[in-house]
Amino acid sequence: MYDIVVIGAGIVGGMIARRLSKFDLKLCILEKENDVGMGASRANSAIVHAGFDAKEDSYKAKLNVRGSELMEEVTKELGVKYIRNESLVVAFAHERESILALYARGLKNGVRGLRILEHDELHALEPNLNEDIDCALLASTGAIVCPFELCLAAVGNAMDNGAELKCNFEVVDIQKQDDTYTITAADGRQVQTRYLINSAGLYSDKIADMTGDGGFTVHARRGEYMILDRAYSDLTSRSIFHTPTKMGKGILVTPSVHGNILLGPTSVDIDDKEDLSTTPEGIANIFDKTSDNMKDIPFNQVITSFCGLRAVGDTGDFIIREREGVVTLGGIESPGLSASPAIAEYVEELLLRAGLEASVKPNYNPFRTSPRTFGEMSAEEKNAVIARDPRYGHIVCRCEQITEGEIVAAIHQNPGARDIDGVKRRTRSGMGRCQGGFCSTVVLDILARELKLSPIDITKFGRGSRILNRKTKGDDGHDIH
Amino acid sequence: MISIDLVIVGGGSAGMSAAVAAYDAGLRSILLLERGNALGGILLQCVHNGFGLHRFKEELTGPEYAYRYETQVLERNIPFKLNTTVLDISPDRVITAINSEDGLFTIRAGAIILAMGCRERAKGALNIAGTRPAGIFSAGTAQKYINIDGYMPGNEVVILGSGDIGLIMARRMTLEGAHVKAVCELMPYSGGLARNIQQCLNDFDIPLMLSHTVVEIHGRERVTGVTIAHVDEKRRPIPETRQYIACDTLLLSCGLIPENELTCGAGIPLDRVTNGAIVDQNRQTEIPGIFACGNVLHVHDLVDYVSEEAEIAGRAAAAFVQGNAAASDREIALRTDGKIRYTVPQRITAADAVSVYFRVADVYRNVQITVRDGDRVIYEKKKAKVTPGEMETVRLSADHLRTLDGNCLEFSLVLIDAQEEEQS
Amino acid sequence: MKKELTCIVCPMGCQLVVDLDEHNQVRAVDNANCKRGVAYATAECVAPMRTVTGTAPIVGGGIVPVKTDRAIPKELMIDCMMVINETYVPADAPIGTIIIENVLDTGANVVTTKDLHGVN
């Protein structure tokens, strides 16, 4: 019997779990995938928005502005890279009015550090903008983070403080009896809890129907992205948006905290909540729209393209409410990442108001050491680490210079990597220009060895995503006779 | 910091050949750095035959070819470090490397030979639409799983790209019990060797679909199929020709790129076409004392030529350290006409006989390879057919070079009887 | 009858033109750059031969690359692989160790192409 169960280990669930892990409570996080952060948290623009975009007094506006204020501190505690790189909403001359309107809304929302930049100053700051971009709104609190690193760190910190994580736990049924919720997974596992947090992202509507607090729908909005080789990171240091439309903040050009330029996202509503395909139209759209804002984007230096799904609700705002011990979080689309620390703060408040009794653990530790610090160490520090653990002297991923020691650590930390993509998200092994061509075979070996599994059982991202299907020959081979 | 006369980065065929040549030229302070756990590099996973016909007059497999050179390295007691990755090379020849035994360490090198090889083009660069399930491999990754680790990555296979590794893997996977359904090639011709099309595809009735590409990948968890399409002359897919092929594996064999991160880090200028360093006839880069050879310089089709080139670099690096490097008495730039895409070397600084290697941009029939010094033709050779997949050579004699009027050699491809061709 | 063939003897890949008589006997081979091309074309038209390369299992786990030490009839390639797959190689076999003598009565031996001696 748990005190609190969080359904969905995305950035929102992760931040909430971390926030609640300071209490002397039994806490469990349920995740339907093989790893945390596999939904909208996996693939998004990775931007901490300033908060000028959402309608005043909405949850989106209030929690974005508050989240943006909290984010720097939270990322510092969690050892996650955060760069306040500033953002720019650029406009052609005929769009000047929308820029001024955004500026006014930003002031109403309480966003600090906003300024209108005129043509010359703007082009001096960002020389790769198209000449006919006329003016821009500069948000000096705009920042970038690595979303899945943040999600991993939040869940990991919650686990370090005693929270449990159950992966491959796809919730299919929730029953309430007295004050207890019984939650059943597709594979028959059950957990019981007093309080329940529904942060199930794209499926928060389904979970809400199970808890009896439904009545809204969440649909998927496809966002396709492309990533440029790190050699072209000098294209821009700021996140460049165009003036927004109804479908979102448009296709942007932004650096990532790892030094690659990210192009995207497209914005297409779809029915299928699992459809992560990229499309020729999407790719063409990204070429077109980013070329409106920037000149000479090296599209031939794209190292990968991918697709993310945003969980879009039907109310236009985040749905956040508490009823009978269940906190429902629906439609947490953009700016969900930016707002996540503030959402966690607000959910804590809702639970306390609902009667949650809890005291703060004396040994609560809000800090987590980034597993990726090795690369940033001095030569002396590195040698000290290698002397202790020689696996740190063995480079596995040559493009990103990731060592075996870092990969082993990623498998054994909280939450431990269980598949190839999990190692990739934690260590960046395989994210470089060869896209895992050389290192994926070694990573697979290390995973099999550390998890004491056959190489055949190692997956790319859980479920049926196996990499290998049989031994070619030899003992315990599968198909060869 | 230790000092070593010659440090060779990479212990594959190029690195080993260079080390042996430098040793045989009298150099003794040599260190070979290899990131893998054995000498041999990519040859070790190339278990097929076809290596060494020029060098050894017999047909060897990749591991056998590597073994011959490994034996020469061991016989000479040339020092090497395995599992050692070079992280940085400075323009003044300080090498930073890392391994488990020595940790992070630096070496001051009298000369450096770059022999890091090449890597496969990653799929992302190709922007194929669809999902990103398990079951998409570069041909070389599949080759490692099958030939080194002993595991099959799939049973029903489509291969995109008809480079030699893709062709070799089509046969290899067939022999291991897989069904290779098609090899798609974007271009109207294959980038692989003609004999590989015969013995890897035709022998097993595997269709080679020229002017075809994969336009979409299907499957959520594991690949379930691909959609292919015919492409027009501008390489754009023709929608009406879309065709679904069920498969669990997509292999990508879309070309090789020299792996020159360290070269760039040292500030060595690269040739935009080869993606390798610009070198002279000794394979010396624009930074004196730093040489490059093998696939890091330009992608070769035959390991025999890699060894030959590495020996040139090995001898020249030894001469550089020993102070015997011939003073350059001229500076001749090698230019190309576009039909010939590049030459290696790109410049010549002495009037010694030299072999110039190059590739052409397209498939041409009945051509004359011509080398001009200003208006004067100093060399010409007829070829019935040249293709981008096969490297060509021109051997210029010392006489050719001694008597040049200008300081530039123009390499061009003249189409013979172009008119007759069109009429027939 | 004329038949076109790609020579596979070496990486040159000569485009051979074989002139066959009515009994499918080779009358002449054109376009070959060397004598081996002529021999290849003659054999290819009568009884095509191929060298088989692959891997064999090692006693105690792992695999080692192997090859037939001469070409075998093309149609026996898959059968040859099946035999190789069932033949375990000692974990310390030196390079060139014969693991199968006269495989499928072809006169070819299957030999290892990597040195395991002193490795394990």
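Chains as they are written, first to last, in our numbering: chain U, 1 to 481; chain L, 1 to 424; chain B, 1 to 120.
A virtual CB, placed ideally from N, CA and C, is assigned to each residue, including glycine.
Looking at the C-beta of Asp35 of chain U, does it have a partner C-beta in chain B at a distance below 8 Å?
No, Asp35 of chain U lies away from the interface with chain B (no Cβ there is under 8 Å from its Cβ).
Which chain L residues are close to Lys2 of chain B, counting only those with a beta carbon under 8 Å from its beta carbon?
Here the premise fails: no neighbours, minimum Cβ distance about 17 Å.
CB contact check: Tyr342 of chain L to chain U, cutoff 8 Å
Put simply, the CB of Tyr342 of chain L is far from chain U, with every gap to its CB atoms at 8 Å or more.
Do you know whose CA, among L:Pro133, L:Phe411, L:Ala182, L:Glu410, lies nearest Ile217 of chain L's CA?
Considering only alpha carbons, the answer is L:Pro133.
Would you grab the beta carbon distance between Thr393 of chain L and Ser355 of chain L for me? Rounded to a whole angstrom, and I think it's under 8 Å.
Rounded, the Cβ-Cβ distance is 5 Å, consistent with contact.
Buried or exposed: Val59 of chain B, going by 16 or more other Cβ atoms within 10 Å of its Cβ?
With fewer than 16 other Cβ atoms within 10 Å, it is exposed.
Inter-residue Cα distance where the pair is Glu331 of chain L and Lys381 of chain L:
Cα to Cα, the separation comes out at about 25 Å.
I need the boundaries of the alpha helix (DSSP H) containing Ala344 of chain U, first residue and last residue.
Per DSSP, Ala344 of chain U is one residue of the alpha helix (DSSP H) stretching across 336-353.
Contact with chain B by Tyr67 of chain L, beta-carbon distance below 8 Å:
Closer than 8 Å to some Cβ of chain B, the Cβ of Tyr67 of chain L qualifies, so yes.
Between Ile411 of chain U and Glu450 of chain U, is the Cβ-Cβ spacing less than 8 Å?
Yes, they are a contact pair.
Beta-carbon contacts of Thr113 of chain B that lie in its chain and below 7 Å, excluding the five residues immediately before and after
Excluding residues within five positions, the ones whose Cβ falls inside 7 Å are Pro65, Val66, Lys67, Ile95.
Mark Ala125 of chain L as exposed unless 16 or more other C-beta atoms lie within 10 angstroms of its C-beta, in which case mark it buried.
Residue placement at Ala125 of chain L is poorly supported in this model, since its pLDDT is 49, which falls under 50; the coordinates are not used for a value here.
Could you check what DSSP says for Phe461 of chain U in three-state terms: helix, strand or coil?
The three-state secondary structure of Phe461 of chain U, taken from DSSP, is coil.
Ile7 of chain U in three-state terms, based on DSSP
Ile7 of chain U falls in the strand class under three-state DSSP.
Opening and closing residue of the alpha helix (DSSP H) in which Phe56 of chain L lies:
Run containing Phe56 of chain L: 53-56, per the alpha helix (DSSP H) assignment.
Within the same chain, show all residues whose beta-carbon is closer than 6 Å to that of Ala14 of chain L, passing over the 5 residues directly before and after it, in chain order.
When the five nearest sequence neighbours on each side are left out, the beta carbons in the same chain lying within less than 6 Å of the beta carbon of Ala14 of chain L are those of Ala115, Cys293, Gly294, Val306, Ala310, in order along the chain.
Is there a C-beta anywhere in chain L that falls below 8 Å from the one on Leu309 of chain U?
The C-beta of Leu309 of chain U comes no closer than 8 Å to any C-beta of chain L.
What separation, rounded to the nearest whole angstrom, lies between the Cα atoms of Met431 of chain U and Phe137 of chain L?
Each residue's Cα considered, the two are about 15 Å apart.
Using the beta-carbon of each residue, which ones in chain U are nearer than 8 Å to Tyr244 of chain L?
For Tyr244 of chain L, there are no C-beta contacts with chain U under 8 Å, since the nearest C-beta of that chain is about 14 Å from it.
Run through DSSP, which three-state label would Thr71 of chain L get?
Judged by DSSP in its simplified three-state form, Thr71 of chain L adopts helix.
Taking the C-alpha atoms as reference points, what is the distance between Ile98 of chain L and Phe358 of chain L?
Ile98 of chain L and Phe358 of chain L have their alpha carbons spaced roughly 36 Å apart.
Ile257 of chain L and Cys118 of chain L look like a contact to me (Cβ under 8 Å); what is the Cβ gap, rounded to whole Å?
Between Ile257 of chain L and Cys118 of chain L, the beta carbon gap of about 6 Å places them in contact (Cβ cut-off 8 Å).
Please report how far the alpha carbon of Thr274 of chain L lies from the alpha carbon of Arg242 of chain L, in whole angstroms.
If you take the alpha carbons of Thr274 of chain L and Arg242 of chain L, they lie about 34 Å apart.
Work out the CA separation of Arg55 of chain L and Pro345 of chain L for me, nearest whole Å.
Approximately 21 Å between the Cα atoms of the pair.
Leaving aside the five residues before and after Cys408 of chain L along the sequence, list all residues of the same chain whose C-beta is less than 7 Å from its C-beta, in chain order.
Apart from sequence neighbours up to five positions away, the residues of its chain that approach Cys408 of chain L with a beta-carbon distance below 7 Å are Ile332, Ala333, Arg335, ordered along the chain.
In chain B, what lies closer than 8 Å to Thr472 of chain U by C-beta?
In chain order: Thr55, Ile63, Asn85.
Contact with chain U by Glu176 of chain L, beta-carbon distance below 8 Å:
Using a Cβ-Cβ cut-off of 8 Å, Glu176 of chain L counts as an interface residue toward chain U, since at least one Cβ of chain U sits closer than that to its own.
Starting from Asp475 of chain U, find everything on chain B with Cβ-Cβ shorter than 8 Å and list it in chain order.
By Cβ distance, chain B contributes Pro57, Gly61.
Round the Cβ separation of Thr182 of chain U and Asn198 of chain U to the nearest angstrom and send it over; I've been treating them as touching at under 8 Å.
Not a contact, Cβ separation roughly 15 Å.
Taking Cβ to Cβ, would you say Val296 of chain L is nearer than 8 Å to Glu261 of chain L?
Here Val296 of chain L is not near Glu261 of chain L, since their CB atoms are 8 Å or more apart.
List the residues of chain U whose Cβ lies closer than 7 Å to the Cβ of Ser138 of chain L, in chain order.
By Cβ distance, chain U contributes Gly437.
Should Cys476 of chain L go down as buried or exposed, given a rule of 16 or more other Cβ atoms within 10 Å for buried?
With chain L running from 1 to 424 in the structure shown, residue 476 of chain L is simply not present.
Out of U:Asp132, U:Leu25, U:Cys146, which has the shortest C-alpha to C-alpha gap to Val48 of chain U?
Comparing C-alpha distances from Val48 of chain U to each of U:Asp132, U:Leu25, U:Cys146 shows the shortest one belongs to U:Cys146.
Per DSSP, Glu120 of chain L forms a beta bridge with which residues?
Glu120 of chain L has L:Leu256 as its beta-bridge partners, per DSSP.
Should the region 291-306 of chain U be called in touch with the region 214-230 of chain U, which here means at least 3 C-beta pairs below 8 Å?
Three or more Cβ pairs closer than 8 Å define a contact, and the region 291-306 of chain U meets that threshold against the region 214-230 of chain U.
Simplified DSSP assignment, three categories, for His119 of chain U
DSSP places His119 of chain U within a helical segment (H, G or I) once states are collapsed to three.
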